[in-house]
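Chains as they are written, first to last, in my numbering: chain X, 11 to 361; chain Y, 11 to 361; chain E, 11 to 361; chain D, 11 to 361.
Notes to accompany the following structure.
There are 4 protein chains.
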Amino acid sequence: MPSPEKVSVAVIGASGYTGVELARLLSIHPLARLVAVTSRQYAGQRMATVFPSLHDICDLSFEESDIASICGRAEIIFTAVPHKTAMLVASEILAAGRKLIDLSADFRLRDAAVYEQWYEPHSAAEYLTEAVYGLPELYREEIKKARLIANPGCYPTSIILGLAPLLRAGIIDATTIIADSKSGTSGAGRGAVISSLYCEVADGFRPYKVGGSHRHIPEIEQELGQLHGGAVTITFTPHLLPISRGILSTIYARLKKEVSAEQIAELYTAMYGEERFVRLLAPGTIPATQYVRGSNYCDIGFALDRHTGRIIVMTAIDNIVKGASGQAIQNMNLLCGFPEQTALTAPAFFP
Amino acid sequence: MPSPEKVSVAVIGASGYTGVELARLLSIHPLARLVAVTSRQYAGQRMATVFPSLHDICDLSFEESDIASICGRAEIIFTAVPHKTAMLVASEILAAGRKLIDLSADFRLRDAAVYEQWYEPHSAAEYLTEAVYGLPELYREEIKKARLIANPGCYPTSIILGLAPLLRAGIIDATTIIADSKSGTSGAGRGAVISSLYCEVADGFRPYKVGGSHRHIPEIEQELGQLHGGAVTITFTPHLLPISRGILSTIYARLKKEVSAEQIAELYTAMYGEERFVRLLAPGTIPATQYVRGSNYCDIGFALDRHTGRIIVMTAIDNIVKGASGQAIQNMNLLCGFPEQTALTAPAFFP
Amino acid sequence: MPSPEKVSVAVIGASGYTGVELARLLSIHPLARLVAVTSRQYAGQRMATVFPSLHDICDLSFEESDIASICGRAEIIFTAVPHKTAMLVASEILAAGRKLIDLSADFRLRDAAVYEQWYEPHSAAEYLTEAVYGLPELYREEIKKARLIANPGCYPTSIILGLAPLLRAGIIDATTIIADSKSGTSGAGRGAVISSLYCEVADGFRPYKVGGSHRHIPEIEQELGQLHGGAVTITFTPHLLPISRGILSTIYARLKKEVSAEQIAELYTAMYGEERFVRLLAPGTIPATQYVRGSNYCDIGFALDRHTGRIIVMTAIDNIVKGASGQAIQNMNLLCGFPEQTALTAPAFFP
Amino acid sequence: MPSPEKVSVAVIGASGYTGVELARLLSIHPLARLVAVTSRQYAGQRMATVFPSLHDICDLSFEESDIASICGRAEIIFTAVPHKTAMLVASEILAAGRKLIDLSADFRLRDAAVYEQWYEPHSAAEYLTEAVYGLPELYREEIKKARLIANPGCYPTSIILGLAPLLRAGIIDATTIIADSKSGTSGAGRGAVISSLYCEVADGFRPYKVGGSHRHIPEIEQELGQLHGGAVTITFTPHLLPISRGILSTIYARLKKEVSAEQIAELYTAMYGEERFVRLLAPGTIPATQYVRGSNYCDIGFALDRHTGRIIVMTAIDNIVKGASGQAIQNMNLLCGFPEQTALTAPAFFP
């Protein structure tokens, strides 16, 4: 039985990289207790056998995903599963009075038609308007009251946080946004596919899904449109980095008029000055993934290219912390009324 | 003494990564013989002691850079030195009737004022108009007749080759060009600096010289301007990749009008169809640095983003082969009347 | 002023990798406060500027190393400096009534003659007998009472912990010990030297100091001799791994007589069963550096080679946590009467 | 049709890393022509689509493995398939008068009983005595006359070449041999398995198959026994390195009596002085995988540990060149009467 003062949580689909990261973060959470982890592939095996990093830390065994059983034990349920899975279980979880934090894309898009255009038919579209987009820097108050949180995608987190102050202030031409993003390989998941093999990725670099085909585009455009107050279309190019953790987005836009670096800095400070997990770097300091590795920070820097009238915004996050599991814990903290930074204060490990 | 049928060559500044790569490529060149390598730092030591990869392959020892002595032994001289060094020796080398292939930036800019704006006073500006920009795909005939070849920069090679057919055809808006480039760490040279240490670079990724400050910009704009027939200004962001070799440039521009992928492909084929070292990838195939590693190829792919009216061009080269030493050998081959691909036909090594 | 209930600590030589790791761990330590960091190279600069991972986490600036001033502010002083430096300041620190945890080799060898044979003349030899070798699993009670703690070397930690139960039990032939150890590059420090450059280390692997020349040998032999109850000589070969963090030691010895895997497991359990930071892996599970990365664990596994009558012991640590800064904090906790695991409970980050 | 002066070759199982490496090396072989590549998985696809590094270099498409058809087109056939496959086709290939170079383990062990103890029942045991172990430095004359060559394993190549001069000279105690070997991940093949994923391997290091269980042990012991003139048993520990290419073996043995470094060097020179692909490093120089990367060299160094009476031999090879495909080409050259180094003279690429 969970101790009375701790919230009990379960992770459905805990054998991927976001699942093991949730277990890592929950193990140091003083106010939560992990009570169940599911995995079809490893059901019956101890989680610490599959992930020896959790030896002596997590003594749970993977179980099959029996929603009724899990709802009987856990108050908060994380779904860390491929898209289309969470929509099948959301109704039962919510009906049982449990709260759901979904790390997949199933509830991120408010418009079912958009979801169905990019993914496939949605079987729980009735929850799309209720679901809260779990980016605390934008939706903190809504998150606190939500039953169903759609945890943002990793690329969207890095791009939306980078552009929000500029779009709100209306100082960039929203038709000129280009996001050139680079992600570590953990973003490709733990599936056994040739394209994720060490020898295919190491000592190499490549773009993928170029030309407007990545499924994070509608999510990014939805949120940028909210900030802009009107439709936004962007060019987005993801790339695969030979690192395990980290996303760095280099984002370009044309300035509508000349502004000073100080004015830009003020916009960012106004929006993020009190944020615990957004760090505005000093002028001249440039974000790097190695400085956020393992932490829940989003580091932001920018430069003005006077020559061409553009601003270049750079953001760095750890894709499986702020880009996934850390942000999910941040959302859980808000949902439960815990201090927002609980279990998330560890600095990045460098080197 | 060199055998009569081989051209004798020397490398000034041979203890950097481009120097050892020149030695590697020259060792398999059937028509050239490396007769001297200089290095202030390692003078007196065998090159194969400093670079054990050359054990049994190169039996030269590093010597101090005595230009007169070197001109007495070598017909072709490569300078693989930091900028400002080649300009000090060019006059003596040319006066001795030797040919100079300079891998630094000293003779790449035709306009001394531009050089001096980005670098420092130029002490051999009288050679700037004579120097030929050593990009064979653009200046093959001039290279064959040159005395002084300015071997292109690594980033410029990747960007100019990617954009040339589009600019010549006039189908992109030249004010909208953004080049987001990522380079392996060998591009930072072999200097003992903290920022190039393994622990600072590995498992990380970062931009640098953001906002129009990288010295390759005037070189890129010079050549793009030539192709465009008018001034071009670009936004260029270099990034440091945790790989040893490779540059991948992701280049964005707005199309002036709607064109089909077939039409774009035809432009590239028309320009590069006969080129030995430019490979146009099949539609849907995306360049990756791991597929050009160790080779002299420039791989080019593109995608159309219908959504935003942009074209995204992607190019991949090995920064110390096609981006430096391989291209220098290609230039030497042209200069000497050798088959252009001599010593450069090895496929990339993958994995 | 430090809050009254926290111990104040200073790090002398805080701009290396062990220094920044001490700062990382101290930032999450609820019972300690970092009050001063010194660095000759960076004096006057903010630590978070040099190490952006500490942005918003550490607001100290590096200062010159003024021992009197530091002793006026800190109760516990860590020296994370090259050997020969700590011996110059130990006397002043101890005379001021402060406690010293030295991460260098200066106080690890009890016999000054041995030190001087492997290093150079020792200027504070009078402290050698007082200094406690800071391996808590062997010297916990002595550490609690010490003024001067010699924090163990990274390789010695991995080898001594691996062999201790076997030597104590007297079941291996002590003349047959071979330790083949592999270390991540952070072990080479943050010095700007060519041999530590990314391009020299990445995608490569090499032994170094082969044949009995590494300075950790006398330290290892001293402690193994203590455990064995008589002189022990070993063959030790260090290797450089293309990873940032981690040491894996593969240790070979001949068994004096046939023993079962169960008997061996019992020896390890008897010695380490209650240890918080030694994890005995299940039979068949093999240690790997990636499962201790960023944590203070030492993972131990073993295999019996029936074919040759040998036992193979494998240990994995993070060289800058359990191999340096984490162990130093563990020692500090013991010294201060804090729970031994304070600030050290974070699981390894995987991936 | 192959040109009359070139030998026609086929690769059965060409979609693994040794297959693509054979294609790379054959593409620069002036006396051989690759006429067929088979792959069940990719049948019908162009090899250059699967491996874009071969774009413009290899225009073959993968085909199903129809032995009769292949024997009709190729004079030399390489089998780069898992063990148990070559034994099924050997008879047909040899009966057709073709020569077979098998890169698997099927014909390496002369004793069928040993094979069956470590692998499974052998269906073509009648060829085991005829097959020649394809290590040219030991069996050059036999290779020239062979019909069936068993290309050595990667680990065995690195260990046998390292120990041969010492065993022949009888100066080491053959009961004390320990080989601690470390291999790049390409040695694990191109199978889509979780343990070979980038995130599982990168920034990590681990032993595997510890304690006498790796299937290369009988192959190593067979050849060491031949050299020793009597049975040899060894302890062998393989490890997985986070690099793509390379094996480094650190080999330990006790010297029977005191010998000088000069005497040892003489033994190596006597055996390998004329060998094109074995490089004896200068005293004090230590092998490293990065100096043989992409080349067919085996680099050898040694150190004497006076302290313990042991010799430590270190060897470095590229596991898919000298450890597999390069050695197979070397064998083909011998078989065909070509100069042994044909297509194999490229230096290692460093960095």
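We treat Cβ as the ideally placed atom computed from N, Cα and C, and that holds for glycine.
Taking the Cα of E/A115 as reference, the smallest distance to any Cα among E/P166, E/G107, E/L207, E/C81 is reached at E/P166.
Interface flag for Y/P297 against chain X is set, since a Cβ pair is found closer than 9 Å.
By the 16-neighbour rule on beta-carbons within 10 angstroms, E/G294 is exposed. For a Cβ distance threshold of 8 Å, residue set Q300, P361 of chain Y lies close to X/E210, ordered along the chain. Counting every other CB atom within 10 Å of its CB across the protein chains shown gives D/V203 a total below 16, marking it as exposed.
When the Cα atoms are used, X/D213 and E/A212 turn out to be separated by approximately 9 Å. Contact note: X/A353 does not reach chain E at a C-beta cutoff of 7 Å; the least C-beta distance is about 10 Å.
Against E/F61, the close residues of chain X are Y301, F360, in the order they occur along the chain (beta-carbon pairs closer than 9 Å). Using a CB distance below 9 Å, the part of the region 248 to 266 of chain D facing chain Y consists of S254, R255, ordered along the chain.
Annotation: the continuous beta strand (DSSP E) that includes X/S259 extends over 257 to 265. Cβ contact annotation for X/R157 (same chain, cutoff 6 Å, sequence separation greater than five): L104, K109, in chain order.
The DSSP-derived three-state label of X/A78 is helix.
For chain X, the residues of the region 190 to 216 of chain D that bring a beta carbon within less than 7 Å of one of its beta carbons are T195, S196, R200, A202, V203, I204, S206, L207, Y208, C209, V211, A212, D213, in chain order. Check the Cα spacing between X/G311 and each of Y/P217, Y/T89, Y/P252: the tightest is with Y/P217. In chain order, C209 make up the part of chain D whose C-beta sits under 7 Å from the C-beta of X/Y27. Annotated three-state conformation of D/Y143 is strand, per DSSP.
Interface annotation, E/Y282: not in contact with chain X, CB-CB separation never under 9 Å. Counting every other CB atom within 10 Å of its CB across the protein chains shown gives Y/G180 a total below 16, marking it as exposed.
Close partners of D/I67 in chain Y (Cβ separation under 8 Å): P357. For E/R289, the chain X residues whose C-beta falls within less than 9 Å of its own C-beta are P62, H65, D66, listed in chain order. Pairing E/K219 with D/I261, the inter-Cα distance amounts to about 15 Å. Pairing X/V17 with X/A24 gives a Cβ-Cβ distance that is not under 9 Å. The DSSP-derived three-state label of Y/P349 is coil.
Residue environment for E/T139: exposed (fewer than 16 other C-beta atoms within 10 angstroms of its C-beta). Contact between Y/D66 and D/R289 holds, with the beta-carbon distance rounding to 5 Å and staying under 8 Å.
DSSP, reduced to helix, strand and coil, places X/G311 within a strand of the structure shown.
DSSP places E/L250 in the uninterrupted beta strand (DSSP E) bounded by 245 to 250.
Put simply, the backbone Cα of E/V331 is about 41 Å away from that of Y/G222. Remark: C-beta atoms of D/F215 and D/L173 do not approach each other more closely than 9 Å. Of the candidates E/E73, E/S101, E/G163, E/F359, E/G163 places its Cα closest to the Cα of E/P228.
Using a CB distance cut-off of 9 Å, D/L314 counts as an interface residue toward chain E. Sixteen is the threshold: when 16 or more other Cβ atoms of the shown chains lie within 10 Å of the Cβ of Y/G26, as they do, the residue is buried. Residues of chain X whose Cβ lies closer than 9 Å to the Cβ of Y/V220 are, in chain order, T260, I296, G311, F312, A313, D315, I322, M324.
Your pair X/Y307 and X/A358 checks out as a contact, with CB atoms roughly 7 Å apart and the cut at 8 Å.
Below the 8 Å Cβ cutoff, chain X contributes no neighbours of E/R108, its closest Cβ being approximately 26 Å away. Pairing D/R43 with D/V19 gives a Cβ-Cβ distance under 9 Å.
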